[in-house]
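Just add 7 to the spot in the sequence shown (first one is 1) and you have our numbering.
For every residue, glycine included, the Cβ atom is placed at its ideal position computed from N, Cα and C.
Shown next, in structure tokens, is the structure this report addresses.
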Amino acid sequence: MMKFKLYPGLTVIAIIILSQCKTGTEMEETIRYEPPVSFEEATIWADSIVDLMTLDEKISLTGGNLIFYTNAVPRLDIPAVFMADATQGIHIRKEFDTIKYNPTLQKSTAFPSPILLASTWNPVLAYDYANAVGEECRAGGIPVLLGPGMNIYRLSQCGRNFEYFGEDPYLASRMIENYVVGLQKTGTIATLKHFVANNTDYFRRKSNSIVDERTLNEIYMPAFKAGIDAGAMAVMTSYNQLNGEWCGQSYHVITGILREQLGFKWLVMTDWWSVNDGAGVIKSGQDIEMPAREALEYTQELIDSGVVNEADIDRMVTSLLRTLYAMNSFKVKPDPTLLTRFAHHEEVALNTAREGIVLLRNENNILPLEVTSKKILLTGDYINKVAAGGGAAEVEGYNHVVLANALKNILAANLMIAETAADEEIKVADAVILNIGTYDSEGYDRPFELPDSTEKLILRVAALNPNTVVVVNSGSGIDLSNWYDKVSAIIYAWYPGQNGATAVAEILTGILNPSGKLPMTIERKFKDSPGYGYLPEGEELYVGWNSEAEEAREVYDVIYDEGVFVGYRWYEKKNIKPLFAFGFGLSYTSFSYSDLKVSNEQFTSGDIIEVSFVIKNTGERTGAEIAQLYIHDTEASVERPVKELKGFKKVKLNPGESKTVTLQLGKEDFSFWSPEAKDWIAEPGKFEIRVGSSSDNILLNKEVELI
Ligand code: BGC
């Protein structure tokens with residue numbers, strides 16, 4: 008029997024095969040996905056096909072074709088397999104996608120960005136979200152999705168934070184395992200990306216992440232491990248170097264860490280145009296160079312000269328064929344009947360936005376707005392657009408809802424709309440909603456500070472009207488420090504998807520009680536953050552892909568010298584008070600926490616401790632609270648974070664209602680990674696269990712002892 012980490016905080020000793028479980032929202036716990044054809048059976052088949060192939064045919068399969076396809080071998084009835092980009096849904100690129108597959112998929116749902124999904128702290132939604140994306144893949148005959156992304160939020164400036172699941176490995180892991188199973192349950196392969204330590208997009212093809220082993224294991228690998236344990240069938244390596252080796256062609260990274268240590272046995276692909284050493288790629292354990300054989304162009308010569316041999320090529324091809332065969336990917340055809348599910352997908356997108364938008368500030372309970380007989384002004388350059396992140400993650404969507412329309416539907420004549428408003432209009436309004444944002448994308452990092460013009464606008468509106476509510480659309484943290492205390496309320500709406508503005512309007516007007524919490528810290532100033540100083544001296548951020556400059560420049564080092572102290576682990580160690588702490592988010596109601604109990608105050612390494620406590624809704628509205636459980640190691644032989652998240656639960660409560668939350672902790676929850684032992688170690692001694700509503704608001708604690 009193997010041990011799996013399941014639904015938040017719950018450890019069970021069992022393998023639960025998803026096909027035996029209930030689906031989506033009915034699901035109690037998660038889970039592991041097993042492909043329809045076993046590894047062993049698929050290997051036998053793949054070996055038999057490889058035996059029939061010519062060397063040329065085999066070599067052709069070690070690289071992609073037409074940007075998003077594998078190569079076909081028509082002689083052996085092996086079709087090309089299409090891979091669609093992700094991560095805010097399916098990125099339809101009409102110029103590529105319809106070459107082979109029936110163009111059934113004329114549209115795809117633009118879901119909220121994954122960082123918003125992480126802000127829901129609801130793994131069931133991660134399952135539902137991915138399941139909906141998977142159904143769209145099947146509708147369009149897409150066998151492989153190039154997602155989920157799961158790199159850890161180390162720097163608020165990273166251009167791709169919106170595609171990932173925040174700063175905490177435990178939260179990211181619980182979301183990712185559910186995502187993987189939800190997606191693959193539809194028969195679509197999940198690709199965990201980008202392996203590994205790919206935490207900046209600043210000249211990403213030239214960055215060298217210098218990370219120690221403990222940090223890699225405790226911070227940057229758990230979400231990958233969770234995805235692998237949940238049964239993910241593909242992994243994409245990253246652009247960067249890890250400690251001086253390009254991840255896509257590093258034996259240490261692919262064979263050593265990914266395959267041998269983490270136990271990944273299926274398909275590994277490069278990121279697009281990310282490798283340069285053919286022999287290195289072949290020997291590393293990599294399976295396919297995407298989008299085409301460039302580093303692998305001279306494979307025949309490498310074989311002829313004895314640098315690599317045919318068996319190396321056989322290994323690569325076997326892995327590709329095995330994975331695609333195990334998932335029946337060669338047989339995937341468009342399924343137009345699934346087009347009827349799009350209404351459901353829109354609902355999943357909206358429900359995700361409803362649970363993931365975070366209320367950061369609400370002075371004098373200005374929100375929800377009183378909607379009758381008030382004049383409310385809606386302004387700002389985001390009110391008429393659907394904010395979303397760019398690059399591979401881009402999804403056009405359909406049935407778009409913008410905030411101007413969503414609010415008009417609710418407020419009717421009480422709403423005044425002006426993208427740019429005159430002073431007088433701002434002054435006379437009873438309240439002003441100002442919608443601002445940033446455009447985040449892969450290929451470059453985005454400054455933590457807002458553009459001057461945006462800051463000036465916020466300060467101007469706030470000075471003119473004391474009842475200013477700022478709605479932020481962004482994929483990552485931004486610098487709010489110059490104005491957060493000058494406005495009455497702040498709603499962090501992320502990139503909420505094609506219809507997420509409806510959720511924003513519902514929150515503004517009290518139809519919906521916000522329940523999202525931050526999956527990362529928002530620091531006061533970027534210089535407070537653990538990654539500050541990552542840009543090489545004298546260099547500045549740029550906008551756009553800047554490929555020529557990237558090509559021309561030297562590799563630069565990003566030194567992760569904060570070690571495991573990333574996010575709240577850093578701010579707590581350094582005693583730096585952030586503006587908004589990890590796990591923070593307001594509600595229109597209030598909750599109390601009480602009665603913390605543990606099943607055994609002393610435990611041995613084989614025990615499971617049950618932790619329970621009571622949450623009560625002490626306010627007047629129905630709402631959902633995300634309770635968080637952290638552990639604190641009171642004495643350790645290595646320096647450990649003040650707190651580490653090891654459990655959480657989102658609980659919906661009516662006014663006056665109480666519920667008991669029960670979470671379970673096992674030995675692994677008290678462990679740290681020891682590079683000497685090459686293993687997780689739980690040291691005997693005392694630990695504190697800390698339960699609270701955010702990382703900086705611990706309400707209950709209890710000591711336990713590992714004996
Ligand atoms: C991105 C990947 C993406 C690939 C294919 C790369 O630029 O880093 O995330 O899947 O392109 O579009």
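Nearest neighbour of residue i, chosen from the options [CA to CA]
{"i": "W52", "options": "N442, I633, V288 and V324", "result": "V324"}
{"i": "R467", "options": "R39, V698 and E432", "result": "E432"}
{"i": "A241", "options": "V562, L274 and I226", "result": "L274"}
{"i": "T61", "options": "W552, K213, L487 and E317", "result": "E317"}
{"i": "A559", "options": "P81, F655 and K213", "result": "K213"}
{"i": "H98", "options": "L124, A420, L309 and G396", "result": "G396"}
{"i": "T50", "options": "D135, A333 and T625", "result": "A333"}
{"i": "R181", "options": "I235, K192 and V203", "result": "I235"}
{"i": "D676", "options": "W687, F349 and T667", "result": "W687"}
{"i": "G404", "options": "N369, L132 and L357", "result": "L357"}
{"i": "V378", "options": "G574, E513 and C254", "result": "E513"}
{"i": "P521", "options": "Y539, V365, A470 and G504", "result": "V365"}
{"i": "T222", "options": "L603, T596, G574 and K674", "result": "G574"}
{"i": "G444", "options": "A643, I498 and V315", "result": "I498"}
{"i": "S536", "options": "G523, W552, K581 and T509", "result": "K581"}
{"i": "A93", "options": "V57, I56, A79 and Y171", "result": "Y171"}
{"i": "K584", "options": "F572, E555, R531 and G590", "result": "R531"}
Any non-hydrogen atom of the ligand BGC closer than 6 Å to residue i Cβ
{"i": "A230", "result": "no"}
{"i": "D284", "result": "no"}
{"i": "D447", "result": "no"}
{"i": "D92", "result": "yes"}
{"i": "L190", "result": "no"}
{"i": "D294", "result": "no"}
{"i": "L603", "result": "no"}
{"i": "L153", "result": "yes"}
{"i": "D278", "result": "yes"}
Inter-residue spacing [alpha-carbon to alpha-carbon] between residue i and residue j
{"i": "Y733", "j": "R145", "result": "The first residue shown for the chain is 8 and the last is 714, placing residue 733 beyond what the model contains."}
{"i": "L153", "j": "S336", "result": "14 Å"}
{"i": "E569", "j": "I226", "result": "11 Å"}
{"i": "P454", "j": "S481", "result": "12 Å"}
{"i": "D6", "j": "D342", "result": "The structure shown does not extend to residue 6, since the chain spans only 8 to 714, so no value can be given for it."}
{"i": "N607", "j": "Y389", "result": "53 Å"}
{"i": "E33", "j": "Y134", "result": "Note that E33 scores 38 on pLDDT, short of 50, meaning its location in the model is unreliable; the coordinates nonetheless yield the value given after this. Roughly 11 Å separates the two Cα atoms."}
{"i": "I383", "j": "I518", "result": "16 Å"}
{"i": "F694", "j": "L525", "result": "25 Å"}
{"i": "A360", "j": "G507", "result": "5 Å"}
{"i": "V478", "j": "V409", "result": "13 Å"}
{"i": "E41", "j": "G238", "result": "6 Å"}
{"i": "I183", "j": "A233", "result": "7 Å"}
{"i": "R266", "j": "L422", "result": "57 Å"}
{"i": "G270", "j": "V203", "result": "15 Å"}
{"i": "K338", "j": "Y578", "result": "50 Å"}
Extent of the continuous beta strand (DSSP E) to which residue i belongs
{"i": "M276", "result": "L274 to M276"}
{"i": "R368", "result": "V365 to N369"}
{"i": "D92", "result": "M90 to D92"}
{"i": "P477", "result": "Sequence check: residue 477 is Val here, not Pro. Per DSSP, V477 belongs to the beta strand (DSSP E) from T475 to N480."}
Segment limits, alpha helix (DSSP H) that includes residue i
{"i": "H639", "result": "Element bounds for H639: not the alpha helix (DSSP H) but the beta strand (DSSP E), G630 to D640."}
{"i": "G141", "result": "P130 to A146"}
{"i": "W52", "result": "F46 to L59"}
{"i": "D425", "result": "Here residue 425 turns out to be Ala, not Asp, going by the sequence shown. That residue, A425, is in no alpha helix (DSSP H); its beta strand (DSSP E) goes L422 to A425."}
{"i": "V242", "result": "Note, V242: premise wrong, no alpha helix (DSSP H); beta strand (DSSP E) at A241 to T244."}
{"i": "K434", "result": "D430 to V435"}
{"i": "Y578", "result": "Y575 to K581"}
{"i": "N412", "result": "L410 to L418"}
{"i": "A510", "result": "G507 to T516"}
{"i": "Q191", "result": "P176 to Q191"}
{"i": "T330", "result": "E317 to A333"}
{"i": "T386", "result": "Not the alpha helix (DSSP H): T386 falls in the beta strand (DSSP E), residues I383 to T386."}
Environment of residue i [buried if 16+ CB atoms lie within 10 Å]
{"i": "A631", "result": "buried"}
{"i": "Q95", "result": "buried"}
{"i": "N372", "result": "exposed"}
{"i": "F715", "result": "Any question about residue 715 goes unanswered here, given that the chain covers just 8 to 714."}
{"i": "R82", "result": "exposed"}
{"i": "S126", "result": "buried"}
{"i": "G663", "result": "exposed"}
{"i": "Q307", "result": "exposed"}
Contact test: residue i Cβ vs the ligand FAD heavy atom, cutoff 6 Å
{"i": "A399", "result": "Here the bound small molecules are the ligand BGC; the ligand FAD is not part of this structure."}
Residue-chain proximity (residue i, chain B), Cβ-Cβ < 7 Å
{"i": "R697", "result": "You won't find chain B in this structure, because it holds only one protein chain."}
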